[in-house]
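Worksheet: the structure to be examined is printed underneath.
Residue numbers (the working numbering): 1447 to 1574.
So, in structure tokens, the structure goes:
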């Protein structure tokens, strides 16, 4: 039974064998069976195989019959690895410092003139 009503869920919890579903933000959930439902179901141990079959000869020697698998395989843990050499930036080697030339440093450098493009007002004066 799927319901959101708490009163109905508590009333149906006393009915043995009735599964209870309810919805939440995470999805649909199946409630655990109540104590009355567990008592009505009976004991869970030993119900699958009857007593006379459990006492039979082949099942007593079951440990001898089934082979125990043992392997020598050991799983290795992955070790911590270093950084990727292709992704790391190479160190730049500095060139040895050269002494500055004294003769060229005393001369003043020539100034370069900036070439300016003619704007709209200058084009009219030029007659173009």
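All residues carry an ideal CB built from backbone N, CA and C; glycine is no exception.
- Spanning the alpha carbons of residue 1486 and residue 1462 requires a straight line of approximately 6 Å.
- DSSP places residue 1467 inside the beta strand (DSSP E), whose first and last residues are 1467 to 1470.
- In this structure, DSSP gives residue 1476 an extended state, which the three-state scheme calls strand.
- Residue environment for residue 1454: exposed (fewer than 16 other C-beta atoms within 10 angstroms of its C-beta).
- Under DSSP, residue 1448 shares a beta bridge with 1467.
- The beta carbons of residue 1465 and residue 1476 sit closer together than 8 Å.
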